[in-house]
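Protein chains in written order, with this note's numbering: chain B, 159 to 392; chain R, 2 to 412.
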């Protein structure tokens with residue numbers, strides 16, 4: 159094979175460049191003209207309906223049934239004779255799963271304790287009660303001790319609650335968003351409460367707790383809160 | 002040594018996990034058959050089946066009982082079983098209602114008493130603030146009166162003009178004596194004018210039993226509309242009243258509403274809501290829509306055909322082509338056809354200009370490509386050309402460097 163002259167090489171170079179340019183141009187033109195298609199898009203949704211004979215069930219589930227601030231002391235240094243320790247539970251916007259995921263969008267979120275509280279633990283949520291039956295209920299709440307629970311012999315403590323609902327779970331009542339004295343007369347706190355069978359995403363309430371402990375109060379304290387579900391469709 | 006440390010670590014971890022587990026507990030009562038009330042009658046015995054639904058994740062103790070409403074009627078109930086310990090699954094229980102033969106009924110107030118079936122969780126000892134659940138279901142007991150007391154209700158079937166309509170009276174005796182009932186049913190129009198009176202009786206209604214009276218109402222001459230049936234029931238110098246309303250239909254419908262605003266320059270949906278005034282289904286229901294623009298141009302369309310259920314509302318939907326229309330207030334009419342008849346309504350529709358949404362200014366392009374893509378491609382092409390040039394120059398140089406060697410060999 160004979161040697162290639164410079165002229166031939168330059169000619170080949172020009173041809174190669176021309177072919178590159180033309181090829182690039184054609185490719186780009188073709189690519190830009192290819193229509194964009196979305197594949198795998200579901201165009202219709204079908205719903206399968208299964209009919210079951212389901213008996214009426216009135217049921218509540220206490221997803222969180224313990225509020226424990228654990229142990230602690232109160233820092234009594236200061237100008238006052240009596241000092242107080244204030245603590246409130248977290249109002250958890252998305253507490254752990256309780257059958258269905260709970261969402262309390264209006265919750266205030268983090269709990270807190272005052273600087274006089276030494277030790278103690280802030281619980282990660284208030285009580286959570288879910289209507290897990292298939293009938294609407296009235297939910298009432300009662301404390302075994304009520305507002306005097308944390309009174310010492312000389313000073314008054316405080317024992318209060320708030321109530322938040324999941325997506326309008328309580329059809330005929332409104333949330334309690336100010337700290338309210340724990341009741342002993344069993345009032346309805348969630349009227350006409352929706353149930354899980356029909357409203358799985360709005361059938362829960364959360365009840366954060368706040369306590370105020372006077373430094374003159376000593377010893378271990380326990381209280382029992384009773385949630386009562388009364389069937390409205392029985 | 003390592004195994005021992007690992008075991009200790011796992012033990013601590015397990016203990017921590019157990020302490021950290023959220024306590025989830027639930028309580029519920031389920032039933033299949035609902036009983037309206039139980040009669041406090043000597044010798045009456047009734048057993049009702051329920052299910053206690055249990056705590057989901059832990060075993061719990063429960064107690065079940067019937068709450069007292071102050072009447073003392075809970076003494077006639079027993080629960081079997083009433084205590085359930087360490088329950089970790091659903092458990093059936095019975096509510097047994099047992100009235101002795103020698104019961105003294107006079108100590109109970111007549112009427113309906115609502116008691117409650119109560120299931121309570123028994124909370125184990127806890128530190129802090131523990132919560133428990135209680136569920137309550139009503140259970141009703143009827144205490145009969147010493148004398149006959151009639152509870153009445155009336156029902157009249159909807160119909161069409163000139164129909165003969167059934168009228169039913171339900172008469173319940175809540176007393177311990179039999180009685181004889183007479184009565185009159187008055188039919189009133191919407192102006193409270195009496196149109197018909199139907200009398201009945203004498204009808205015997207035995208103690209604790211229910212009797213039914215069937216009458217026929219001739220609606221000849223009635224107009225389409227809503228009527229009231231008022232029953233006055235008499236027994237033993239006592240009187241009670243029951244009433245109900247019913248509808249009389251005519252083969253007619255009401256055009257309730259229609260689309261009042263359309264857009265020029267496009268095809269518009271047009272909806273007409275109609276309501277049946279007839280007690281039977283109407284077949285072949287459709288509407289014609291005719292519109293005339295201020296400059297005299299006419300537009301018309303028809304809806305598909307529908308079936309209209311008795312006394313129900315229905316939306317008839319068609320499409321009006323206004324792509325060539327101008328704006329303004331259009332006059333027109335809607336004609337609804339049904340069962341061989343038709344009903345017209347004059348309409349006015351505002352045709353407004355189509356909202357022109359300005360498209361966002363297109364991004365600058367070169368040869369149909371965005372600027373970024375074009376520059377990228379240009380750089381790539383220049384790089385390719387440079388590579389080509391480099392290769393060619395490399396070969397040219399190599400060719401040149403070969404030539405002197407050959408000449409040396411020739412020498």
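Built from N, CA and C at the ideal position, the CB exists for glycine as well.
Residues sharing a beta bridge with residue i, DSSP
i, result
"residue 319(B)", "338(B) and 367(B)"
"residue 29(R)", "217(B) and 54(R)"
"residue 146(R)", "176(R)"
"residue 413(R)", "This structure leaves residue 413(R) out entirely; chain R is present only between 2 and 412."
"residue 244(R)", "231(R)"
"residue 153(R)", "172(R)"
"residue 255(R)", "276(R)"
"residue 46(R)", "99(R)"
Option nearest residue i by Cα separation, candidates the options
i, options, result
"residue 222(B)", "34(R), 130(R), 60(R) and 126(R)", "130(R)"
"residue 256(R)", "241(R), 272(R) and 242(R)", "272(R)"
"residue 300(B)", "134(R), 343(R), 143(R) and 307(R)", "134(R)"
"residue 106(R)", "77(R), 81(R) and 91(R)", "77(R)"
"residue 190(R)", "220(R), 176(R), 213(R) and 172(R)", "220(R)"
"residue 213(R)", "151(R), 301(R) and 327(R)", "151(R)"
"residue 239(B)", "374(B), 382(B) and 380(B)", "374(B)"
"residue 153(R)", "120(R), 243(R) and 115(R)", "243(R)"
"residue 286(B)", "172(B), 224(B) and 216(B)", "224(B)"
"residue 101(R)", "336(R), 42(R), 110(R) and 159(R)", "42(R)"
"residue 310(R)", "292(R), 336(R), 254(R) and 334(R)", "254(R)"
"residue 260(B)", "228(B), 379(B), 317(B) and 219(B)", "219(B)"
"residue 173(R)", "52(R), 235(R) and 161(R)", "235(R)"
"residue 284(B)", "269(B), 234(B) and 293(B)", "269(B)"
"residue 337(R)", "312(R), 211(R), 288(R) and 261(R)", "288(R)"
"residue 147(R)", "175(R), 326(R) and 32(R)", "175(R)"
C-alpha distance - residue i paired with residue j, whole-angstrom precision
i, j, result
"residue 237(R)", "residue 203(R)", "12 Å"
"residue 209(R)", "residue 179(R)", "8 Å"
"residue 330(R)", "residue 263(R)", "10 Å"
"residue 22(R)", "residue 390(B)", "For residue 22(R), the predicted structure reports a pLDDT of 38, less than 50, and the residue's modelled location is therefore unreliable. A value from the coordinates is still provided. Going from the Cα of residue 22(R) to the Cα of residue 390(B) covers about 33 Å."
"residue 246(B)", "residue 352(B)", "27 Å"
"residue 386(B)", "residue 144(R)", "28 Å"
"residue 63(R)", "residue 186(R)", "54 Å"
"residue 182(R)", "residue 206(R)", "7 Å"
"residue 393(R)", "residue 374(R)", "28 Å"
"residue 355(R)", "residue 265(R)", "6 Å"
"residue 369(B)", "residue 241(B)", "14 Å"
"residue 304(R)", "residue 168(R)", "40 Å"
"residue 327(B)", "residue 279(B)", "29 Å"
"residue 132(R)", "residue 75(R)", "27 Å"
"residue 281(B)", "residue 315(R)", "55 Å"
"residue 34(R)", "residue 346(R)", "52 Å"
"residue 88(R)", "residue 383(B)", "21 Å"
"residue 170(R)", "residue 215(R)", "7 Å"
"residue 117(R)", "residue 136(R)", "9 Å"
"residue 348(R)", "residue 320(R)", "16 Å"
"residue 121(R)", "residue 149(R)", "40 Å"
"residue 350(B)", "residue 339(R)", "44 Å"
"residue 341(B)", "residue 251(B)", "24 Å"
"residue 392(B)", "residue 308(R)", "38 Å"
"residue 90(R)", "residue 30(R)", "13 Å"
"residue 114(R)", "residue 82(R)", "24 Å"
"residue 286(R)", "residue 306(R)", "5 Å"
"residue 388(B)", "residue 138(R)", "6 Å"
"residue 233(B)", "residue 213(B)", "56 Å"
Start-to-end residues for the beta strand (DSSP E) that takes in residue i
i, result
"residue 81(R)", "78-81"
"residue 291(R)", "283-293"
"residue 350(R)", "342-353"
"residue 61(R)", "61-68"
"residue 351(B)", "346-351"
"residue 303(R)", "299-303"
"residue 197(R)", "195-206"
"residue 74(R)", "Note, residue 74(R): premise wrong, no beta strand (DSSP E); not H, not E."
"residue 320(R)", "314-322"
"residue 275(B)", "275-277"
"residue 296(B)", "295-301"
"residue 285(B)", "285-289"
Amino acids of chain C, ordered along the chain, whose beta-carbon sits closer than 7 Å to that of residue i
i, result
"residue 373(R)", "Reference to chain C is not applicable here, since the protein chains of this structure are B and R."
Quiz item: Are the stretch 316-327 of chain B and the stretch 358-371 of chain B in contact at 8 Å, needing three or more beta carbon pairs?
Solution: yes
Quiz item: Can at least three beta-carbon pairs, one atom from the stretch 89-98 of chain R and one from the stretch 340-348 of chain B, be found at a separation below 8 Å?
Solution: no
Practice problem: Could you say if the stretch 274-285 of chain B and the stretch 300-315 of chain B meet the contact criterion of at least three C-beta pairs nearer than 8 Å? | Solution: no
Quiz item: Do the stretch 218-229 of chain R and the stretch 237-248 of chain R touch if we need at least three Cβ pairs shorter than 8 Å?
Solution: yes
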